[in-house]
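Report on one structure; see the data block that follows.
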Amino acid sequence: MEPLETFIVETTEPSEAKAYESILKDIISELAFVRTIGRIKVRIRPEESLFMMAMVLRSGLPPIKAKEISETELDRPGSKVLITVTDEKTIPQFLEKLWEQFGRHNVIQPQRNLIEVISDDLEGAEESIGDIVVDDPEKSLRERLADMAIRSTPEGFRIRYHSLDNGRFIFVASEDTMQQEWIDEAGVMLEDLTGDE
Amino acid sequence: MAAVLEPYIYEGGIHKHSLILELLEDLGGYLVQKTPASTEVTLVMLIPKKDVQLVEDLCKKLLGKLTPAPLTGTEIAVVSPTLASHHLPHSACDVAEYLRRGGANTNMIGLARGMGRRVALSADYERKLINEHDVAVFSFGTFKDCIINKKPKLFEGIEIPIIVSGGPDLKTEDVPGADMYVGGIGRVAHRMRKGPELDAMDVLNEKVGEIINLKRESISKDPLVVLPARLMKEVQEQVPDIHNVLTPAPITLQLDGMRVKLPFDEYHEAIGNIEFDEGFRLSDVASITPSKMKNYILIKIKRRSEVGSAI
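Chains H and V, in that order, give the protein sequences.
First residue of the first sequence? That's 0 in numbering that gives the first Met the number 0, and the numbers climb one at a time after it.
First residue of the second sequence? That's 0 in numbering that gives the first Met the number 0, and the numbers climb one at a time after it.
The structure is reproduced here in structure tokens:
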């Protein structure tokens with residue numbers, strides 16, 4: 000699926016759709032979502048205080064494991080595990096995960112791309128470190144997706160429903176109590192979007 | 000009879016700009032605001048109508064630009080339903096910025112609970128604050144239904160002229176309670192810089208100018224006892240502490256008065272005691288009240304019919 004191959008905004012007053020489309024485009028580019036969203040459809044009925052959005056995301060990125068971005072070895076006296084990180088921009092997340100697992104005082108970073116870990120069971124540690132999930136793009140995507148949805152909603156629509164299932168996202172927002180039929184309608188919108196796959 | 004004054008903005012280098020100020024003083028005009036920015040300076044001035052040419056010649060000699068600024072001497076409230084990113088940045092800021100280019104002083108007011116359709120409302124304090132201005136510009140969004148059916152409840156209790164800006168193309172009479180509606184300025188998530196957007200802003204400035212002119216006309220039928228610009232000069236001379244005020248526009252002119260940005264409790268007597276050569280004291284010819292904005296002083300000058308004579 001190509002990015003943004005479908006972009007539809009429907010409003011009660013057709014002339015208003017274009018204005019809202021421009022708002023959405025601004026938000027999408029601001030949050031760097033252009034390459035993530037495959038298809039998007041938005042329906043707004045201001046007189047009912049209703050905002051609905053359905054999105055199909057392009058296939059997501061797999062989680063990054065420590066062994067993909069680093070190499071581990073024991074130092075010569077065998078007192079600590081040395082981790083050489085090759086992908087520098089993941090170091091902050093990596094450190095956080097290591098602190099969690101081994102305790103902050105057992106993790107030392109003497110150089111920019113070198114991390115030392117002290118542990119009672121050094122060999123076990125060396126093995127387990129490779130499997131640590133350093134970064135999960137899906138998770139950060141979910142967080143940003145919610146941000147995008149809230150930013151695009153008209154201000155004051157504080158009652159919200161959202162679901163993300165396998166790259167298929169629906170979002171409904173209103174000022175009034177959430178109604179099942181709205182969620183169903185958004186579901187139908189999503190079906191329309193995915194229908195021709 | 001006082002000379003007819005015309006508002007202008009001078010933009011140019013700071014070098015020798017004092018020549019303009021000297022000329023202005025000789026001609027009997029007034030400097031409303033001076034904004035220096037590194038090597039540039041912006042002067043907002045009121046120039047006697049028959050002498051505009053003299054000032055223009057001097058400005059040309061100094062390689063500066065003199066443009067008419069019809070909104071000079073007005074204080075305008077730009078009201079946004081909330082301070083949230085949905086409402087405030089961009090469109091409302093651009094509106095305020097554009098009005099400033101016309102010479103106006105603008106204050107942006109974000110309502111505490113103006114969002115949404117059902118719950119939107121304004122507080123008494125907010126209404127009083129808005130009413131202290133000459134004109135209120137409400138900056139609304141994209142949807143016709145909201146602007147026509149829901150948002151006008153924010154106008155309740157507003158006694159000054161109301162100008163509404165929004166996205167859809169509507170007629171003024173469609174928006175209940177508004178004195179003027181200007182379309183093409185709805186919610187946007189970017190700075191307004193495209194052609195049609197800037198055109199809409201020009202229209203807005205023009206319409207605000209029309210409303211201001213109506214108000215000026217109604218004032219001219221029963222003139223103020225003293226010109227706000229003249230009073231401004233007296234405040235600067237007789238209450239020297241005003242020169243220590245660091246806020247922009249320490250004295251903000253309004254059509255029928257001004258806001259003096261000094262604490263009310265300490266200074267209202269000094270302000271009331273300002274004397275004019277003609278033998279008046281300010282407290283006799285104006286009402287001096289605490290402003291809803293911080294603790295500033297709000298002066299509203301009385302009309303000639305109330306006092307019986309003018310200065």
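In this text, a Cβ means the ideal position worked out from N, Cα and C, and glycines have one as well.
Just the Cα atoms here: how many angstroms apart are residue 17 of chain H and residue 295 of chain V?
Counting from 1 along the first sequence, the entry for residue 17 of chain H is found at position 18. Counting from 1 along the second sequence, the entry for residue 295 of chain V is found at position 296. Near 44 Å, if we compare the C-alpha coordinates of residue 295 of chain V and residue 17 of chain H.
Between residue 191 of chain V and chain H, is any beta-carbon pair separated by less than 7 Å?
Start at 1 with the first residue of the second sequence, and residue 191 of chain V comes out as number 192. No, residue 191 of chain V lies away from the interface with chain H (no Cβ there is under 7 Å from its Cβ).
Any idea what DSSP makes of residue 68 of chain V, helix, strand or coil?
In the second sequence, residue 68 of chain V corresponds to position 69, counting from 1. The three-state reading of DSSP puts residue 68 of chain V in coil, since its state is none of H, G, I, E or B.
For chain V, check one thing: does any of its Cβ atoms lie closer than 7 Å to the Cβ of residue 31 of chain H?
Start at 1 with the first residue of the first sequence, and residue 31 of chain H comes out as number 32. Answer no: the Cβ-Cβ gap between residue 31 of chain H and chain V never drops below 7 Å.
Cβ-based burial, residue 201 of chain V [other Cβ within 10 Å; buried from 16]:
Position 202 of the second sequence, counted from the first residue, corresponds to residue 201 of chain V. Result: exposed.
In or out: residue 2 of chain H buried (at least 16 other Cβ within 10 Å) or exposed?
What you label residue 2 of chain H is simply residue 3 of the first sequence in a count that begins at 1. With fewer than 16 neighbouring CB atoms inside 10 Å of its own CB, residue 2 of chain H falls in the exposed class.
Give the interface partners of residue 25 of chain H over in chain V, defined as CB-CB distance under 8 Å, in chain order.
Counting from one through the first sequence, the residue named residue 25 of chain H turns up at place 26. The answer, in chain order, is 187, 188, 189.
Run the CB neighbour count on residue 77 of chain H, radius 10 Å, all protein chains shown included, and call it buried at 16 or more, exposed below.
The residue you call residue 77 of chain H lines up with position 78 of the first sequence. Flag for residue 77 of chain H reads exposed.
From the DSSP output, in three-state form, read off residue 299 of chain V for me.
To locate residue 299 of chain V, count along the second sequence from 1; it is residue 300. Note: residue 299 of chain V maps to strand in three-state DSSP.
Roughly how many angstroms lie between the CA atoms of residue 190 of chain H and residue 211 of chain V, to the nearest whole one?
Translated into positions along the first sequence, residue 190 of chain H becomes position 191. Translated into positions along the second sequence, residue 211 of chain V becomes position 212. Whole-angstrom Cα-Cα distance: 54 Å.
Identify each residue in the region 13-24 of chain H for which the Cβ-Cβ distance to at least one residue of chain V is less than 8 Å, and report them in chain order.
14, 15, 18, 19, 21, 22
List, from N- to C-terminal side, the alpha helix (DSSP H) runs of 4 residues or more that fit wholly inside the region 70-157 of chain H.
90-101, 121-128, 136-151
Give the straight-line distance between the Cα atoms of residue 54 of chain H and residue 37 of chain H, rounded to the nearest whole angstrom.
One-based indexing of the first sequence puts residue 54 of chain H at position 55. One-based indexing of the first sequence puts residue 37 of chain H at position 38. Spanning the two alpha carbons is a distance of roughly 7 Å.
Report the neighbours of residue 234 of chain V on chain H: residues whose CB is nearer than 7 Å to its CB, in chain order.
In the second sequence, the residue the question calls residue 234 of chain V occupies position 235. Chain H residues near residue 234 of chain V: none, gap ~41 Å exceeds 7 Å.
Nearest-angstrom Cα distance between residue 150 of chain V and residue 116 of chain V?
In the second sequence, the residue the question calls residue 150 of chain V occupies position 151. In the second sequence, the residue the question calls residue 116 of chain V occupies position 117. The alpha-carbon atoms of residue 150 of chain V and residue 116 of chain V are separated by roughly 7 Å.
Flag residue 274 of chain V as yes when its Cβ comes closer than 6 Å to any non-hydrogen atom of the ligand PLP, and as no otherwise.
Ligands displayed in this structure: none; no statement on the ligand PLP is therefore possible.
Is the region 220-228 of chain V touching the region 287-306 of chain V, taking contact as three or more C-beta pairs under 8 Å?
yes
Length of the line joining the Cα atoms of residue 172 of chain V and residue 179 of chain V:
As a working mapping, residue 172 of chain V is identified with position 173 in the second sequence. As a working mapping, residue 179 of chain V is identified with position 180 in the second sequence. Straight-line Cα distance between these residues: approximately 8 Å.
Under a Cβ-count criterion, where at least 16 other Cβ atoms within 10 Å of its own Cβ denotes burial, should residue 98 of chain H be classed as buried or exposed?
Numbered from its first residue, the first sequence carries residue 98 of chain H at position 99. Residue 98 of chain H is exposed by the Cβ-count criterion.
Exposed or buried, which one is residue 179 of chain H when buried takes at least 16 other CB atoms within 10 Å?
Within the first sequence, numbered from 1, the residue matching residue 179 of chain H stands at position 180. Per the 10 Å Cβ criterion, exposed.
Taking Cβ to Cβ, would you say residue 13 of chain V is nearer than 7 Å to residue 38 of chain V?
As a working note, residue 13 of chain V is residue 14 in the second sequence. As a working note, residue 38 of chain V is residue 39 in the second sequence. Yes. Within cutoff.
Assign residue 256 of chain H to one of two classes, buried (16 or more other C-beta atoms within 10 Å of its C-beta) or exposed (fewer than that).
No answer is possible for residue 256 of chain H: it lies beyond the span of chain H, which begins at 0 and ends at 196.
Go through its chain and collect everything with a Cβ distance to residue 0 of chain V's Cβ below 7 Å, but skip five positions before and after it.
Taking the second sequence and counting its residues from 1, one reaches residue 0 of chain V at position 1. Below a pLDDT of 50, predicted positions are generally treated as unreliable, and residue 0 of chain V, at 44, falls in that range; the measurement from the model is reported next regardless. Taken in chain order, the list of residues that qualify is empty.
Distance cutoff 7 Å, beta carbons only. Does residue 0 of chain V sit that close to anything in chain H?
Numbered from its first residue, the second sequence carries residue 0 of chain V at position 1. In this prediction, residue 0 of chain V scores a pLDDT of 44, lower than 50, which makes its location untrustworthy; the coordinate-derived value is nonetheless stated afterwards. Closer than 7 Å: no.
Measuring CA to CA, which of H:61, H:132, H:22 is closest to residue 91 of chain H?
Position 92 of the first sequence, counted from the first residue, corresponds to residue 91 of chain H. Put simply, of H:61, H:132, H:22 the residue whose alpha carbon is nearest the alpha carbon of residue 91 of chain H is H:132.
Distance between beta carbons of residue 94 of chain V and residue 138 of chain V, contact taken as under 8 Å:
Indexing the second sequence from 1 puts residue 138 of chain V at position 139. Indexing the second sequence from 1 puts residue 94 of chain V at position 95. Between residue 94 of chain V and residue 138 of chain V the Cβ distance is about 6 Å, and since that is below 8 Å, they are a contact.
Identify the continuous alpha helix (DSSP H) that holds residue 258 of chain V and give its terminal residues.
Numbered from 1 along the second sequence, position 259 holds the residue referred to as residue 258 of chain V. Not the alpha helix (DSSP H): residue 258 of chain V falls in the beta strand (DSSP E), residues 256-259.
What beta strand (DSSP E) runs, 3 residues minimum, are completely inside the region 227-273 of chain V?
250-253, 256-259
Should residue 174 of chain H be flagged as near chain V, meaning a C-beta pair shorter than 7 Å?
For the purposes of this step, residue 174 of chain H is identified with residue 175 of the first sequence, where counting begins at 1. Cβ-Cβ to chain V under 7 Å: yes for residue 174 of chain H.
Any beta-carbon of chain V closer than 7 Å to the one on residue 48 of chain H?
Translated into positions along the first sequence, residue 48 of chain H becomes position 49. Taking Cβ atoms only, chain V reaches closer than 7 Å to residue 48 of chain H, which makes this a yes.
Confirm, please, whether the CB-CB distance from residue 121 of chain H to residue 80 of chain H is below 7 Å.
As a first step, residue 80 of chain H is located in the first sequence; it is residue number 81 there, counting from the start. As a first step, residue 121 of chain H is located in the first sequence; it is residue number 122 there, counting from the start. Yes, Cβ-Cβ distance for residue 80 of chain H and residue 121 of chain H is below 7 Å.
Those runs of the beta strand (DSSP E) which lie wholly inside the region 160-226 of chain V and span at least 3 residues
Qualifying beta strand (DSSP E) stretches, in chain order: 161-164, 179-181.
Quick one: what's got a C-beta closer than 8 Å to residue 135 of chain H's C-beta in the same chain, skipping five residues either side?
In the first sequence, the residue the question calls residue 135 of chain H occupies position 136. Shown here for residue 135 of chain H: same chain residues with a beta carbon closer than 8 Å to its own, the five before and five after excluded, namely 62, 63 in chain order.
Using a C-beta to C-beta distance shorter than 8 Å, which residues of chain V count as neighbours of residue 156 of chain H?
Taking the first sequence and counting its residues from 1, the one referred to as residue 156 of chain H is at position 157. By Cβ distance, chain V contributes 115.
In chain order, which beta strand (DSSP E) runs of at least 3 residues are fully inside the region 0-64 of chain V?
Segments of the beta strand (DSSP E) lying fully in the region 0-64 of chain V: 4-12, 29-36, 39-47.
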